[in-house]
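Protein chains in written order, with this note's numbering: chain H, 1050 to 1259; chain P, 1050 to 1259. The structure under discussion appears below in the form of structure tokens.
There are 2 protein chains.
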Amino acid sequence: MSDRTRLTRKPERGTDDPAVLHRLLDEARIAHVGFVREGSPVVLPMAVGRDGDRLLLHGSTGAGMFLAARSGIEVSVAVTHLDGLVFARSAFDHSMNYRSAVLFGVATPVAPGEKEHALKVVTEHLIPGRWDEVRSPTPKELAATTVLEVPLTEVSVKVRAAGPGEDAGDGEDHSVWAGVVPLRTVADDPIPSPITGSSTALPRSVRAFL
Amino acid sequence: MSDRTRLTRKPERGTDDPAVLHRLLDEARIAHVGFVREGSPVVLPMAVGRDGDRLLLHGSTGAGMFLAARSGIEVSVAVTHLDGLVFARSAFDHSMNYRSAVLFGVATPVAPGEKEHALKVVTEHLIPGRWDEVRSPTPKELAATTVLEVPLTEVSVKVRAAGPGEDAGDGEDHSVWAGVVPLRTVADDPIPSPITGSSTALPRSVRAFL
């Protein structure tokens, strides 16, 4: 049995490999953070960064402040990459290729003395190299910043990376095209802000996206 | 004040426009579904489709079955599109352009008699035109399928679509490039499955992604 067949037969699989988890998180820009508010579930998108064995979450919305006001709140954090659409010969067998991590833990605000470090980690995670191109945060800005951390201790990682289930004797109409359409995120041309001079060179952090 | 300035001054805004909500949902392939299990939050990615004024959710994981086993379970469902990275001249003012919907409601399994319709809606939502290219579900397949529905009644939509906050007198170093790097999802070349003949033409549903 080839690796490909093996993948096809068991297309969805969990993995405990920390390298898979770390890469998946390192490629993420948004995480979906779930918590319980007055007995009801709430899910919010937040910016994400990884700092070793903890996940950092950054958001400035009202509900983000709800989270931040707690000394610790139980959360579930999901990070998902949709890598492709899986075309089968039956409607039922259509699927998606994806990598997902679902984390469970307690989110706590990063300590004041660690805030600048945490903000740098999130900024560099989202836009590598940007931190040194721009003005650092002032004490007032840091005071207005909240970053939450969740330890990467209880995580479920699932990966589907395979074609559609099929075999020569499956009774389907094999003249129908089956396969995968891979999906990925790309950057379009940068749009300068109104007061950015037209002769201002694109910095390295922007060029890295092109 | 121009629209652009207005957007820059109030870059994050809610909207009650159902057209914005519908378009945002119609472009989504994955939703993050949060619920409470034994008092703790859980967030899972699920495939998504919109059927008029209800959101349909489809997933086959174990926890999806947890959801499906309930006659009704309170959920929060988030759909987020990351449209761009916002580069400012200070670390603090970096941001992201996005469109997000956060829905609150009770998820219930679609009635057995409606399952085929619901599966068709989700399939056509994810891959327009595919339903008529492939074999329809058998009664056995439908019995093994669960689709959840959530009414689109309590939804919060937020959109940020603007450059970085800036003005001529903001004290920042204006020789630093600021602006937006737009992001979008693209499809790569389709990969045929092992038993798809090399002469099999790409169907219309696949070509639509290219």
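Glycine residues also receive a C-beta, built at the ideal position from the N, C-alpha and C atoms. All figures in this text were calculated on a predicted structure; none of them were measured in a lab.
message = I'd like to know if His1071/H contacts chain P, where contact means its C-beta is closer than 8 Å to some C-beta of that chain.
response = Translated into the one-based positions of the first sequence, residue 1071/H becomes position 22. It does not; no Cβ of chain P falls within 8 Å.
task = Note down the Cα distance separating Ala1167/H from Pro1177/H, rounded to an integer number of angstroms.
result = Sequence index remark: in the first sequence, residue 1167/H carries index 118 (1-based). Sequence index remark: in the first sequence, residue 1177/H carries index 128 (1-based). Whole-angstrom Cα-Cα distance: 14 Å.
message = How far does the beta strand (DSSP E) with Glu1190/P in it extend, from its first residue to its last?
response = For the purposes of this step, residue 1190/P is taken as residue 141 along the second sequence, with counting starting at 1. No beta strand (DSSP E) contains Glu1190/P, which is instead part of the alpha helix (DSSP H) from 1188 to 1192.
inquiry  = Going by beta-carbon coordinates alone, are Val1208/H and Arg1148/H separated by less than 8 Å?
reply    = Translated into positions along the first sequence, residue 1208/H becomes position 159. Translated into positions along the first sequence, residue 1148/H becomes position 99. Against a cut-off of 8 Å, the Cβ pair of Arg1148/H and Val1208/H comes out as a contact.
query = According to the neighbour-count rule (16 or more other Cβ atoms, all chains shown, within 10 Å of its Cβ), is Thr1172/P buried or exposed?
reply = Position 123 of the second sequence, counting from 1, holds the residue named residue 1172/P. Buried, since its Cβ has 16 or more Cβ neighbours within 10 Å.
query = Closest Cβ-Cβ distance between Ala1156/H and chain P: below 8 Å?
reply = Taking the first residue of the first sequence as 1, we reach residue 1156/H at position 107. Chain P contact via Cβ: absent.
message = In the DSSP assignment, the beta strand (DSSP E) including Asp1102/P goes from what residue to what residue?
response = As a first step, residue 1102/P is located in the second sequence; it is residue number 53 there, counting from the start. It is not in any beta strand (DSSP E) - Asp1102/P carries neither H nor E in the DSSP assignment.
message = With a threshold of 8 Å between beta carbons, is His1223/H in contact with chain P?
response = Translated into the one-based positions of the first sequence, residue 1223/H becomes position 174. It does: the Cβ of His1223/H has a partner Cβ on chain P nearer than 8 Å.
Cutoff 8 Å: Asp1237/P Cβ touching any chain H Cβ = As a position in the second sequence, residue 1237/P is number 188, starting the count at 1. Yes, Asp1237/P lies at the interface with chain H (some Cβ there is under 8 Å from its Cβ).
inquiry  = Within 8 Å of any Cβ in chain H, is that where the Cβ of Leu1201/P sits?
reply    = Counted from its first residue, the second sequence places residue 1201/P at position 152. Judged by the 8 Å Cβ criterion, Leu1201/P is not in contact with chain H.
key: Short-range partners of chain P found in the segment 1083 to 1098 of chain H, where Cβ spacing is below 8 Å   = Gly1083, Phe1084, Val1085, Gly1088, Ser1089, Pro1090, Val1091, Val1092, Leu1093, Pro1094, Ala1096
Cβ of Pro1188/H within 8 Å of any chain P Cβ = Along the first sequence, one-based indexing puts residue 1188/H at 139. No, because no Cβ of chain P sits closer than 8 Å to the Cβ of Pro1188/H.
ask   = Buried or exposed: which applies to Thr1187/P, given that a residue is buried once 16 or more other Cβ atoms fall within 10 Å of its Cβ?
value = The sequence position of residue 1187/P within the second sequence is 138, counting from 1. Thr1187/P should be labelled exposed.
request  = Spatial neighbours of Pro1200/P within its chain, please: CB distance less than 6 Å, with the 5 preceding and 5 following residues excluded, ordered by chain position.
outcome  = Mapped onto the second sequence, residue 1200/P falls at position 151. Arg1103, Gly1154.
query = Since Thr1064/H sits in a beta bridge, which residues does DSSP pair it with?
reply = Against the first sequence, residue 1064/H aligns to sequence position 15. For Thr1064/H, which the question treats as bridged, DSSP gives the partners Val1206/H.
request  = Give the secondary structure of Arg1053/H by DSSP, where H, G and I count as helix, E and B as strand, and everything else as coil.
outcome  = As a first step, residue 1053/H must be located in the first sequence, where it is residue number 4. Caution applies to Arg1053/H, whose pLDDT of 33 falls short of 50 and renders its modelled position unreliable; the value that the coordinates give is listed next. Residue state, collapsed to three classes: helix.
query = Who are the neighbours of Pro1161/P on chain H, taking C-beta pairs under 9 Å?
reply = Counting from one through the second sequence, the residue named residue 1161/P turns up at place 112. What Pro1161/P touches in chain H: nothing, since even the nearest Cβ is about 15 Å away.
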